[in-house]
Amino acid sequence: MKFKFPIIIILLILTSSALHSQSLVSTYNFPAATVYNGFWGITQINDTLRIGSSSNGKIYTVSKTGIIRDSLVTPFSFNNGLAYDGSGYWIARNASGTNSRIIKVNLSGSPVDTLRITSLYGNTTIGIGGIAMDGPNHLWAAIYYPDFASYPFAYAYKFNLTTRSIVDSIPLRGKQVQGIAVKGDTILYVTDNFQGDAERIYAYRKAVGDTIFSFAAPDPDNDCDPRGLFWDGANLWLMAYRVGNNVAHYRTLYKYLLNGQGSPTITTNVTSINFGNVPVGTTGNQPFTINNTGTGRLIISAFNFTNPRFSISPSVVPDTIQPGGSKNYTLGFSPLVYDTTSGLLNISSNDLANPVKTISLYGKGVFTGAYIGLSANTFNFNNKRINSLTGFTFNITNQGSQPLTITGCNFSSARYRFDTLNARFPITIDTQRTRTFRIWFNPNAAGSFSDSAVFITNAVNSSAGKITLSGAGVDIPPVLGEIVWEGNIPDNPCTSSDDPQPKGLKQIPDVNGDGVADMICATENYWTICYNGNSHGPADTLWKFNSCNGTNNTGSVDWEDALQIMDDLNGDGIKEVVVGCGGGNEEVYVLSGGTGRIIWEYAGPNTNYDGDIMGVRVDRDFNGDGRKDVLISASGEGSTNPGRHSAICLNAVNGQVLWTNIINSEFTYDVVSTTVGGAIAFTNNGGPYGIVGFNGSGNTIWNYPIPGSLNAVWSMKEVADINGDGNTDINSLYGFNGTVVALSGSTGAQVWTVNMGTSNNGTVELLDDLDLNGFKDITCSGPQTAFRVDSKTGSQMWVQSFGASYIRDAGMLGDISGDTIAEVLYSTQAPGRVYVLNGKTGTVVFSYEFGSTLTYRADRVAALNSVDGNPYNEFVGVCRDGRIKCFNGGPGEIIGITNINTNIPDKFALYQNYPNPFNPETNIKFELPKTADVKLFVYDILGREVETIINNRMDAGVYNATWNATPYASGVYFYRLTAGDYTSVKKMIVIK
C-alpha cells in the first residue's frame, strides 16, 4: 500500500479540476495603455479592489465591475504584489539585490515600514511574485527567484510581521509564480510560462500537505502572462492578458467562482487554414476540430464568416460539446473568380474568457489547365532616340493548375524584339508562378512604330497572350552634356543599411546585341549592375549580381580596380566581369557578362577574416594557355589574425590557384602585372610601406621601400618600357601628398617621381600621347589638382586646380573637340561635379554638379563609346547618393576656335600668327569663303607633326585659332592650313 499513496495524490491533482469545478463568471477589460498593462498586485478595502501597477507604482481603486475610480501615488515605480493589512498597503519590490523586499505605505502613499530579507539559499537577488495577508499579522510571499530544476521548483514563505521571521513555507509546482492568495488554510497561486511551465492556478491545502486541485489559466494557448491573484471571500480574482495572441494586448480582470458548475474553454486544432489553389467553380475542403478543454459544457451559438466564399459543415447551432470533448467539422472554400482572398470565421460560444474564437482563412481561385496572365496588355514606349534600345519589363503569371509552356514570341517588325538574354525558349512557368520578361524597342528612323508581341503557348486562353506595342523614334541632335539616360542604384533587400555609393565603374563591350557598349557599376550596397549603354531616358538594367549572402558572407567591391572586364570564357561572345570583394565576403567572382551569373568564384562562402580583395588585374597569361589569368591582391587582417596578405594568381578558366606570393607585411594594397611578372603594394599597421616585384612564377625579385608615414600605395598602372630595358614599367600613386613614382618593372629602380600636392586615395589613369613621344601620358584621381604627366619623363604638360575639392575619379574620354587629342574626365568631391577637360590644354570644356556637399560627391566617372553613331564618346557619372547619369559627348565646341566675323570672305586666307615670337600662347587667323574640311597642323623644324589644332568640317567665316605651346620646347615651328584645295604654310617662333 505504501506505493499507492503517491499515485493517488497524482491522480487527485490530475482530476481535481472536476472535483472542484471552478467557473469563470465575468471578465473586465482595461484600456490598452502602459500603466494598465503593468497591473499586478490585487487586494481590497471594504468591497472595492485595489490594484497596483508595476509600470508607475500607483495603486488604483477599481470596482468589482472593472471600473477605475481613483489612484494613489507612491514613491515607487514597481509593484510585484499588493496586500492590505487594515492600516496600509504592503508592496512587493521587483527582482533586486536590495534587501528591502516588501515595503509598507500608509493610505497617503508614504512609506512607513519595511520587511527586509537579506538572502535566500545564498542569493542576495530575490524575485517576489505576489504577496497576500493571512490574518492581521502574517503575510505570504511567493518567490520566483531563486528557483530549482526539480520539484519543489520554488517556495512561498509566511512571515510574522511582528517578529519579521519566517514561520511557515509551502512547496510550489511552478518555477515562475506571479500571484498568491489565501483562502482559509488553502494557498492559491498562479504560474507563468517564462520557463516553459504551464500557466495554471494551483490550490495547496496545508491540512493535506499537498496540492488539492489546479486548473488552467484562461488562455488555452498558455500565454496570457498571469500576474496578481486575490481571494475576496467569495470569488477568486486574477489579473492577466486577454485571451489570444498579445498583439495590441491589454490587461483583463478575471472573476472565478470556485464551487460553480465549471467553465468551458474553447480551443481549435488550428488558428488559420490556407486552402491553397482551388479551381474556380469547385470547392476545396479542410478538416477542422473544436475542443472543449474546460470543466463546463461548451455551447456554440453561431458560425459567422466575413467572406461568403468560405463555409462550414455541419453548421447547425446551437451545438454543445461536453467537457473534455471535441467535434469534427469541414471547412470549405468555393472561389468564383481567379484571385487570392481571405476571410475570418468567428465562432461565438459561452466561453467567457474567449466568447468569440476567430480562425483566419486563406485561399486562391485558379483556372483549370495552363492559363496565361499578363501584367499589361498594352505598352507605349513614347518618344525614343533613333537607334536607342529601350526596355519594357512585364510579368507573365501562370494562373492555371497545369504548367504553362511558352515556345516563342512573334513580332511583325524588327523594331521590337523579345529579350532572350536571361529567358530562352521554351520557357516553362509552373502553376501559380510568375516570371519577369522584357521587350526591347529599337526605332531606326523618325516616326511611329506599332506592333504586337504574340506569345505561342499551351494556355487554354492562348489568345490572351498578346501585348499591343507602340512607340516613336525621334531625331535628337547631340549636345555636349545633355542627359542621355539616368537612373538610381537600387536598394538591396538583403540589407537594412543601404549605402548606394559607387565603388567601380567600367565600360563593357556590347552585352545585349545592339552594337553599343554597356556599363558595369559596382556599389557599396553589394550590387554589381550591368546598365544598358543604349538606354534613352530611364536607365535599363540588363542584370544585377548580389554579393550580400547573409551575415557571414556579405561584402562589396571596395576598390575601383577590384572591378575588371575579362575576355569571354563561356563562349557566348560577351566579355566577362571580375569583382573582388571586401567586408565579410573576401571572394573573387567571375561573372558572365551576358547574364551576371557566377562562372567561378575563388575563396568560397566560408572565407572570413582573411583580408579584403584590394586589386584585380586580368591582362596577362601566366600559365601559357592563351588566356589572360586573374591576378589579385588579397590583403590581411593584422598581427592577431594574419589572413592572406598575398599576391595570388588564379587560372582564368576555373579559378584554381596558379601561385601565391605571401608578402612579409600585415596588409597589401594594389597589384599590377608587367611583362616581367608584376608588383604588389604592402604596408604594416602604420608602416613601413613599399612595393614588391615578382616574376611570372610569383617569386619576389625586387623590393622598393617607401619612406615616411601614411604612404600607402593607392594605385599602380603598367606603362610602356620607359627605361629602355625591354620590359614594361610601372607608374604608381602613394600617400596623402599625391606622390607619383615611376619604377622599372624589371628591378624596381626609381625612374622619376613627381608630387601633385594634397591628396586622398586615388588611381593612376592612362591617357593618350599628347607630345607624340611614343609613351602614353597619365593623370590621377586623389589630388585636388588635375595634372597631365608624361609617363616616360614625369614632366607636367598642364595643370588644372579644382580648389579644395579632391578628385574622386579620372579617365580618358576621347576626342570631342576635333583636335585628335582625347579629352579627360574628372569627378570631384565637394562640390560633387563631373568635368570634361580639354586634353591638350587642361581647360574646362564642361561640368555638371550633382550637389555642393559631400553627400553629393561625384564618386565615379567613365567613358562610354558613342551611343548615337557619331565619332564622339559619351560619359557616365555616378553620385554618392546613387544617381547615375549618362551624358552626351557632343561634339563639343572646337576648343580655341572662335568665329570672329559673320561676313563671308571672298577667298581662303591664312594670316601670320600674333604675337610672334610668343610664350606660351598665340593666335592664328584664317578665312573660309565656303564650307570646307579644314585641317590646321603644327610641325617642328624637322617637319614632324607635333599637334593637330583643327581637323573638322567648318562653315564659311573668319576664324581665330589659339595654339598653346606649353608642352613644347623653344624653337621654330610651322603651321599649315588645308581647306579643300587650298593650302598655306607659315612660320612661328616659341621663346621660353
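The opening position of the sequence shown corresponds to residue -10 in our numbering, with each subsequent residue numbered one higher.
C-beta atoms are modelled at their ideal positions from N, C-alpha and C, and glycine is treated no differently.
Those residues which DSSP pairs with residue i across a bridge
| i | result |
| --- | --- |
| Val825 | Leu814, Phe835 |
| Val702 | Tyr723 |
| Cys638 | Leu620, Trp648 |
| Thr282 | In DSSP, Thr282 forms no bridge with anything. |
| Phe430 | Thr379, Tyr405 |
| Gly470 | Answer is none; Gly470 lacks a bridge partner. |
| Pro100 | Val94 |
| Arg965 | Phe926, Val974 |
Between the CA atoms of residue j and residue i - distance to the nearest angstrom
| i | j | result |
| --- | --- | --- |
| Ile518 | Tyr318 | 54 Å |
| Asn280 | Ala130 | 36 Å |
| Tyr598 | Gly627 | 10 Å |
| Val236 | Asn18 | Since pLDDT at Val236 reaches only 48, below the 50 mark, its modelled position is unreliable, and the value read off the structure follows with that caveat. The straight-line gap from Cα to Cα measures roughly 15 Å. |
| Lys495 | Asn859 | 21 Å |
| Phe368 | Gly583 | 26 Å |
| Asp74 | Val179 | 22 Å |
| Asn612 | Val833 | 45 Å |
| Glu513 | Pro491 | 6 Å |
| Phe683 | Ser622 | 13 Å |
| Gly831 | Gly644 | 42 Å |
| Glu754 | Pro489 | 24 Å |
| Gly313 | Ser349 | 24 Å |
| Ser1003 | Gly185 | The first residue shown for the chain is -10 and the last is 981, placing residue 1003 beyond what the model contains. |
| Gly217 | Ser89 | 21 Å |
| Leu341 | Ile56 | 18 Å |
| Asn293 | Gln275 | 17 Å |
| Ala442 | Asp857 | 27 Å |
| Ile652 | Pro482 | 38 Å |
| Met801 | Val778 | 13 Å |
| Ile418 | Val267 | 18 Å |
| Pro215 | Pro392 | 52 Å |
| Gly539 | Gly585 | 19 Å |
| Cys868 | Gln773 | 18 Å |
Whole-Å CB distance - residue i paired with residue j, under 8 Å assumed
| i | j | result |
| --- | --- | --- |
| Ile602 | Val619 | Actually they do not touch by this definition, with Cβ atoms about 10 Å apart. |
| Ile120 | Ile132 | With 8 Å as the limit, Ile120 and Ile132 do not qualify as a contact, their Cβ atoms being about 11 Å apart. |
| Thr736 | Trp691 | 5 Å |
| Gly751 | Ile796 | 7 Å |
| Arg427 | Thr379 | At roughly 10 Å, the Cβ-Cβ gap does not stay under 8 Å, so Arg427 and Thr379 are not in contact. |
| Ser43 | Phe67 | 6 Å |
| Asp550 | Gly604 | 5 Å |
| Thr423 | Thr386 | 4 Å |
Other residues of its chain near residue i: CB distance less than 6 Å, five sequence neighbours each side excluded
| i | result |
| --- | --- |
| Ser662 | Arg606, Asp608, Arg609, Leu620 |
| Ser973 | Leu899, Leu966 |
| Val823 | Ser816, Tyr837, Ala847, Val850, Gly866 |
| Thr175 | Ala192, Arg194 |
| Ser60 | Lys47, Tyr49 |
Cβ shell of residue i (< 8 Å), same chain only, five flanking positions each side left out
| i | result |
| --- | --- |
| Val468 | Asn877, Gly879 |
| Val665 | Gly682, Asn684, Gly685, Ile690, Asn716, Thr717, Gly734, Ser735 |
Residue i vs residue j beta-carbon contact at 9 Å
| i | j | result |
| --- | --- | --- |
| Tyr658 | Ser624 | yes |
| Ser780 | Asp766 | yes |
| Ile893 | Pro918 | yes |
| Asn650 | Val681 | yes |
| Val171 | Met122 | yes |
| Leu242 | Leu227 | yes |
| Asp922 | Ala968 | yes |
| Cys398 | Ile445 | yes |
| Thr920 | Val927 | no |
Spatial neighbours of residue i in its chain, beta-carbon cut-off 7 Å, leaving aside the 5 residues before and after
| i | result |
| --- | --- |
| Ile465 | Arg374 |
| Asp157 | Lys147 |
| Thr329 | Lys353 |
| Ile637 | Ile621, Ala623, Val646, Thr649 |
| Pro956 | Leu759, Asp760, Met786 |
| Asp970 | none |
Proximity test, residue i beta-carbon vs the ligand HEM heavy atom, cut-off 8 Å
| i | result |
| --- | --- |
| Asn369 | Within the structure as shown, the ligand HEM is missing, as the structure has no ligands at all. |
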